[in-house]
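Novice:
Residue numbers (the UniProt record's numbering): 1 to 214.
1. Provide the residue span of the beta strand (DSSP E) that contains residue 215, from first to last.
2. Kindly confirm or deny that the stretch 147-155 and the stretch 118-138 touch, where touching means at least three C-beta pairs closer than 8 Å.
3. Given a threshold of 16 other Cβ atoms within 10 Å of its Cβ, counted over all protein chains shown, does residue 197 qualify as buried or as exposed?
4. Below 8 Å on the Cβ atoms is my contact criterion, and I expect residue 119 with residue 127 to pass it. Report the Cβ-Cβ distance as a whole number of Å.
5. From this set, 158, 33, 80, 64, which residue's C-alpha is nearest residue 191's C-alpha?
6. CA-CA distance, residue 144 and residue 167?
7. Compute the Euclidean distance between the alpha carbons of residue 177 and residue 155, then round it to the nearest angstrom.
8. Would you decide whether residue 84 is buried or exposed? Buried here means 16 or more other CB atoms lie within 10 Å of its CB.
9. In three-state DSSP terms, what is residue 209?
10. Do the CB positions of residue 102 and residue 172 come within less than 8 Å of each other?
11. Classify residue 55 as buried or exposed, calling it buried when 16 or more other Cβ atoms lie within 10 Å of its own Cβ.
12. Tell me whether residue 174 is buried or exposed, calling it buried when 16 or more other Cβ atoms sit within 10 Å of its Cβ.
13. Can you grab the Cα-Cα spacing for the pair residue 129 / residue 161, in whole Å?
14. Please classify residue 38 as buried or exposed, where buried requires at least 16 neighbouring CB atoms within 10 angstroms.
15. Starting from the C-beta of residue 164, find all residues in its chain whose C-beta is less than 8 Å away, skip the five residues before and the five after it, and write them out in chain order.
16. Can you tell me whether residue 95 is buried or exposed, with buried defined as 16 or more other CB within 10 angstroms of its CB?
17. DSSP state of residue 165, grouped into three classes?
18. With distances taken Cα to Cα, identify the nearest neighbour of residue 139 among 125, 107, 60, 114.
19. Beta-carbon separation of residue 184 and residue 105 under 8 Å?
20. Just to check my reading of the structure: residue 205 and residue 68 have Cβ atoms closer than 8 Å, yes? What is that Cβ distance to the nearest angstrom?
21. Compare the Cα-Cα distances from residue 73 to each of 207, 179, 201, 49 and report the closest residue.
22. Roughly how many angstroms lie between the CA atoms of residue 33 and residue 59, to the nearest whole one?
Below, the structure written as structure tokens:
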């Protein structure tokens, strides 16, 4: 067989039909590198697939926990704020009732009824003086000739032999104390609503967490 020298080949033979040995080696190396890369990518993909469910479950738990913590925190803050506002409202209501009860004895109609009943008790006596608080405003045409106005809060009728006193301050205090006693059980139940709710919710969340971890 005769050997063909390089000089005998056409000038464009390299670009058309001839592949040099160095290029073949280079292409083989590139092919091997690409194959190794594909194998490595495939291994990474298989590893990801094997851990995907585990990662998904972990992320779901983390998101679930973070969400519950946020909800529970916001709910606790809201209930605490409600409890404080409710306590403030009750104290304000008690104060308004207290003032309303005390100032009711400044109403001339109520005072006149009290005087009327005291006169019935003292019907055997001649009433000489009627002592009432200065805060009571009678009508302009009322007969106040026997009246004495003082800075006190009691209503007193002075007779020939003795005086009968209606102690409005102590009576108001007695009413308010009795009302507080009767309301104490209701207040106790109301004050337990928020703590009991938070405790029950906490127990349910703990139980739910144990079930999810099984």
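From the three backbone atoms N, C-alpha and C, an ideal C-beta is built for every residue, glycine too.
Specialist: Here's the rundown:
1. There is no way to answer for residue 215, as the model of the chain reaches only from 1 to 214.
2. yes
3. exposed
4. 6 Å
5. 80
6. 21 Å
7. 21 Å
8. exposed
9. helix
10. yes
11. exposed
12. exposed
13. 12 Å
14. exposed
15. 118, 121, 122, 156, 157
16. exposed
17. strand
18. 107
19. no
20. 7 Å
21. 201
22. 36 Å
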